[in-house]
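These notes are about the structure you will find just below.
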Amino acid sequence: MQELVDILNLIGVAAFSIAGALAAGRKHMDLFGVVVVGCVTALGGGTLRDVLMGSYPIFWIAAPHNFMIAALAAACTFFLARHRSTAPRSVMYVDAAGLALFTLIGFQKGYAITQLYSVGIIMGVVTGVAGGIVRDVLCNEIPLIFRREIYASSSLFGAILLALSFRFFDENIIAVSISVFSILAIRLAAIRWKLSMPVFVLDDEGRESAG
Amino acid sequence: MQELVDILNLIGVAAFSIAGALAAGRKHMDLFGVVVVGCVTALGGGTLRDVLMGSYPIFWIAAPHNFMIAALAAACTFFLARHRSTAPRSVMYVDAAGLALFTLIGFQKGYAITQLYSVGIIMGVVTGVAGGIVRDVLCNEIPLIFRREIYASSSLFGAILLALSFRFFDENIIAVSISVFSILAIRLAAIRWKLSMPVFVLDDEGRESAG
Amino acid sequence: MQELVDILNLIGVAAFSIAGALAAGRKHMDLFGVVVVGCVTALGGGTLRDVLMGSYPIFWIAAPHNFMIAALAAACTFFLARHRSTAPRSVMYVDAAGLALFTLIGFQKGYAITQLYSVGIIMGVVTGVAGGIVRDVLCNEIPLIFRREIYASSSLFGAILLALSFRFFDENIIAVSISVFSILAIRLAAIRWKLSMPVFVLDDEGRESAG
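Residue numbers (this note's numbering), protein chains in the order written: chain R, 1 to 211; chain A, 1001 to 1211; chain D, 2001 to 2211.
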């Protein structure tokens, strides 16, 4: 089981790094910028989680191959995307799998350290989405996940299901799997049908506009 | 006394979160983005303070109701501001109270851990203003407090008064209160009369312009 | 030797702070903003390094004169640059020296704590460049070092040379010096002949454009 999670985790790291590298390419960054943005996207969420909880050494110092894979995936994207057309849709699917798995890993670690369901839920969402937020800040954009089709919300929903699984089903493997797959299912449905959360529209005078 | 500080602290958390949620609304974020920006504004300063000093568990993991109140205040802002006109001026007053109190709490914690007045002053200002800086970065703006009427400067001035109170008046309650109220008074005066610090104007060639 | 490093370190802190203050001036920030951006530029890299490794107390709490010098250099820049024309080129030269030295200090600390060359290299680059990245984020720019003439790459190259010096030459002073001077030499050559890394150009549809 743990081995499966480790392998899926590395797939998630690579997927997030590729997504970050493509975003950096859209901003005309050089090789170094692309690798940094790729690594930050892939490792930023887990890093913030470990720093917020004071869980040292942080995961990619304890297991540096996480860093190597993120850097390698970003560098390969840099060189390959110059010669092939990219398939952003397939990246989105792998990214959705990474989101689901990172949420699980973050919840587990947050709950294991504090024994608080609330902190587990927060750390699940932080691990899933913080890397993408920092990516967009480095690319000088308003973070996409604050405005895009249901993304972080699927992570939050799944983290709450995970808390219920841990609380009422004794970490039962089926309940945990259902929670993780629900993140994937919601995210894929949101991509497929372009589902969105309600948006808060204030104009510059602070009054709500017609939008 | 400590109970009073705790209650005032929660009022400050709610005020900062409302201010963050309104800023997010101006950027057309969805419910999740509004809640995240609200929480970051309210909790970011104290989080950075605790991480910089390695003071674990950080305050909102030790006392998760801080997080709940920030999230709740931002969510209520999201739903209520759609149906009522907001009164930004009243938020500014509560925000000023939060700034004064957060500076006090940050100074106390920084000084208690390091026994250094300089670190106490830095941590007071960090606790007071860092949340607002991260809010503006997430909203893709140059942080307002770097350019607005005296804001951070009032926090810095009050933190220096606090250091003097601790050094020469033995943490006397009256001296501490005067320090905290001076932050509030300066901030309210700056709002009322639109007072500003001198601004540094360089044009793109690095030469000072006429402005 | 350690005394020489300490003195050079303080020169690097001052140079980075001046560079940050000038960037803040170009954004019309007030005195407080200029000092904060100066301090973040000068101390941000080392702070991130210490937080990532959980190395508490972080360096400018252990040695507050680092903070004082950064704040003083930024404040002097604020007042002096109003009356004199600045010489950005001389700042770039001192900045290059700071980059070389910060890379060395970061590598040493990262390697000393983890005994891993890979972490040493990462921490060398983080210490050298992270401050400048945060400076550009606060100024609402895409970080310059992701696009400018070889900057971070010279830090990365020097950090790899440092790892080789530690591994194969037993921390020999000459090998270490060559590594540090190679950073300086590459950076100065990049400034002189405007050398750049290859850039990754994707247009908004995710396809590589002609550029």
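Don't be surprised by glycine CBs; every beta carbon is placed ideally from N, CA and C.
Taking residue i as the query, report the chain D residues whose CB atoms sit under 9 Å from its CB, ordered along the chain.
| i | result |
| --- | --- |
| Val137 of chain R | Val2137 |
| Ser1153 of chain A | Asp2030, Leu2031, Phe2032 |
| Ile58 of chain R | Leu2052, Met2053, Gly2054 |
| Ser1196 of chain A | Asp2030 |
If we ignore side chains and look at the alpha-carbon of each, how far apart do residue i and residue j end up?
| i | j | result |
| --- | --- | --- |
| Arg135 of chain R | Leu161 of chain R | 27 Å |
| Ser1055 of chain A | Leu195 of chain R | 41 Å |
| Gln1115 of chain A | Met1029 of chain A | 42 Å |
| Cys2139 of chain D | Met68 of chain R | 31 Å |
| Val158 of chain R | Thr103 of chain R | The sequence given here has Gly at residue 158 of chain R, not Val. Those two C-alpha atoms are separated by around 8 Å. |
| Tyr2111 of chain D | Lys1109 of chain A | 31 Å |
| Ser1017 of chain A | Ser155 of chain R | 22 Å |
| Ser2209 of chain D | Gly131 of chain R | Note that Ser2209 of chain D scores 41 on pLDDT, short of 50, meaning its location in the model is unreliable; the coordinates nonetheless yield the value given after this. Those two C-alpha atoms are separated by around 27 Å. |
| Ala190 of chain R | Leu101 of chain R | 18 Å |
| Gly2206 of chain D | Cys76 of chain R | Bear in mind that a pLDDT of 46 at Gly2206 of chain D, under 50, signals an unreliable position, so the model cannot answer this. |
| Glu2003 of chain D | Ile133 of chain R | 41 Å |
| Glu1171 of chain A | Ile1178 of chain A | 12 Å |
| Leu2010 of chain D | Trp193 of chain R | 57 Å |
| Asp204 of chain R | Ala1019 of chain A | Residue placement at Asp204 of chain R is flagged as unreliable, the pLDDT there being 49, under the threshold of 50; a coordinate-derived value is accordingly withheld. |
| Ala2071 of chain D | Val2040 of chain D | 10 Å |
| Ile2061 of chain D | Arg1167 of chain A | 19 Å |
| Pro1057 of chain A | Ser2182 of chain D | 42 Å |
| Ile2113 of chain D | Asn2066 of chain D | 21 Å |
| Asp2006 of chain D | Met53 of chain R | 32 Å |
| Phe169 of chain R | Val2176 of chain D | 57 Å |
| Gly2025 of chain D | Val1094 of chain A | 31 Å |
| Ile1150 of chain A | Ile150 of chain R | 39 Å |
For residue i versus residue j, is the C-beta spacing smaller than 7 Å?
| i | j | result |
| --- | --- | --- |
| Ala42 of chain R | Arg187 of chain R | no |
| Val13 of chain R | Ala21 of chain R | no |
| Ser165 of chain R | Pro1064 of chain A | no |
| Met123 of chain R | Gly106 of chain R | yes |
| Ala81 of chain R | Gly38 of chain R | no |
| Lys27 of chain R | Ile2142 of chain D | yes |
| Ala152 of chain R | Val129 of chain R | yes |
| Arg2226 of chain D | Val2126 of chain D | Outside the shown range of chain D, which is 2001 to 2211, sits residue 2226 of chain D, and nothing can be said about it. |
| Phe1059 of chain A | Gly1046 of chain A | yes |
| Ala2185 of chain D | Ile2121 of chain D | no |
| Leu2031 of chain D | Phe2078 of chain D | yes |
| Ala23 of chain R | Gly98 of chain R | no |
| Val51 of chain R | Val2051 of chain D | yes |
Just reading off the alpha helix (DSSP H) that residue i is part of, what are its end residues?
| i | result |
| --- | --- |
| Met2029 of chain D | It is not in any alpha helix (DSSP H) - Met2029 of chain D carries neither H nor E in the DSSP assignment. |
| Ser55 of chain R | Premise fails: Ser55 of chain R is in no alpha helix (DSSP H) and is neither H nor E. |
| Phe78 of chain R | 65-80 |
| Phe181 of chain R | 173-193 |
| Tyr983 of chain A | Given a span of 1001 to 1211 for chain A in the structure shown, any question on residue 983 of chain A remains unanswerable. |
| Ser165 of chain R | 152-168 |
| Glu2003 of chain D | 2002-2025 |
If the cut is a Cβ gap below 8 Å, which residues of chain A does residue i touch?
| i | result |
| --- | --- |
| Val119 of chain R | Ile1061, Pro1064 |
Report the neighbours of residue i on chain A: residues whose CB is nearer than 7 Å to its CB, in chain order.
| i | result |
| --- | --- |
| Met68 of chain R | In chain order: nothing, as chain A lies at least about 26 Å away. |
Can you pull the chain R residues whose beta carbon is under 8 Å from the beta carbon of residue i, in chain order?
| i | result |
| --- | --- |
| Ile2142 of chain D | Lys27, Met29, Leu138, Cys139, Asn140 |
| Gly1054 of chain A | Gly54 |
| Thr2114 of chain D | Pro57, Ile61 |
Please confirm whether any heavy atom of the ligand SAM lies closer than 6 Å to the CB of residue i.
| i | result |
| --- | --- |
| Ser1017 of chain A | Of the ligands one can find in the structure shown there are none, so the ligand SAM has no counterpart to examine. |
Answer yes or no: does any C-beta atom of chain E fall closer than 7 Å to that of residue i?
| i | result |
| --- | --- |
| Phe2067 of chain D | The question asks about chain E, but that chain is absent: this structure's protein chains are R, A and D. |
Please compile the residues from chain A whose C-beta is within a distance smaller than 9 Å of the C-beta of residue i.
| i | result |
| --- | --- |
| Ile186 of chain R | In chain order: nothing, as chain A lies at least about 13 Å away. |
Kindly list, in the order they appear in chain D, the residues whose Cβ is closer than 8 Å to that of residue i.
| i | result |
| --- | --- |
| Ile1122 of chain A | Phe2067 |
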